[in-house]
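These notes are about the structure you will find just below.
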Amino acid sequence: MSIIELHNDVRAVIADGTFAMMLITGTDKVRSGYGNGDSLLVDFEHKIFAVADATERFPHASRVLLSNIVSGVHTVPQNSEEWKDYLNAIYASQDYHLKSTLSFIALHEHGNTTQACIAQGGDSSLRIYDRHNKSLVYKTSVNMNFAGRSMHIGDVEGVQLNDMMRVMLYSDGFNDIIKLCGISLENMIGVSLMEAISHVIEKVGNLEGQEYDDISLLLFDIPEIYAVHSKGILMGGTTRLEEQKVKESISIHDYNSLIRMM
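The structure is reproduced here in structure tokens:
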């Protein structure tokens, strides 16, 4: 399939009612002119969604990982074991110096239910909430299965989901912002995706003299996500030079001009 790659011109993409994604570069990265190591992937054809977080030295490692995952899908794996074999092959091909986290979910629609295959490597995160009552249905745990360092992703878990679910994937930088800004994840469930993303952007924009890491966040709703018939999007994993262009042209306070509505 065709993936739209976004580096500098867009830092948030929102199709309200279905999905939303955003990326903010950490304060020290901006100050020092480093790249942004966070990457986000939505692949609507194969129903694959992921966040990856690479090191400061090789920020493009996250983009390499997600690009390899989506470009290699010719026959979509149908269950957890097949996804485990597929992701293990991707992990085995990731160079040692290209260390990256991975939080990954693939959806398979079955009538009124969804079978989700979930994989976790490192300290990025995935959470699933019930939109009816804002209850937490599923969350990943931190492990040491970093791409580039581990030859295996570990277990891929199968989780059955009903309708009215909101899925959240985010890097550890967003996890820090939750604490720093006092953001309630539960309060981001009962509002629109536009409101949820805008709330985070506003909170980060109001930070004065506070340090934070790269921030990436991807939200989507089930079953509404099945109605999206668009190209996939790969965002982030910018090099030092690519990120320098961002620094020269925008700040966090210019963020509204960088939001693309689909």
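For the sequence shown, the positions run 516 to 777 when the numbering used here is used.
Glycine included, every Cβ here is placed at the ideal spot set by N, Cα and C.
This structure is a prediction, so every number in the text was calculated from the model and none was measured.
When DSSP states are grouped into helix, strand and coil, S640 belongs to the strand group.
Taking 8 Å as the cut-off, the beta carbon of E672 is found closer than this to the beta carbon of I633. Taking G637 as the centre and dropping the five residues before and after it, the same chain places the C-beta of T616 and F661 closer than 6 Å to its C-beta, in chain order.
Excluding the 5 residues flanking it on each side, T533 has same chain C-beta neighbours closer than 8 Å at L708, F735, D736, E739, I740, A742 and V743, in chain order. Bounds of any beta strand (DSSP E) do not take in R646, whose DSSP letter is neither H nor E. For A621, the uninterrupted beta strand (DSSP E) segment begins and ends at L617 to H625.
Between S650 and L756, the alpha-carbon positions lie close to 42 Å from each other. Secondary structure note for M537: its beta strand (DSSP E) is the uninterrupted segment F534 to I539.
Rounded to the nearest angstrom, the gap between the Cα atoms of N702 and H714 is 10 Å. Straight-line spacing of the CA atoms in Y685 and V528 works out to 15 Å.
Cβ-Cβ separation between F573 and S745: approximately 30 Å, too far for a contact (criterion under 8 Å). By the criterion of a C-beta distance shorter than 8 Å, L695 is surrounded in its chain by L722, Q725 and Y727, once the five residues flanking it on both sides are discounted. In the displayed model, Q759 falls within a helix according to three-state DSSP.
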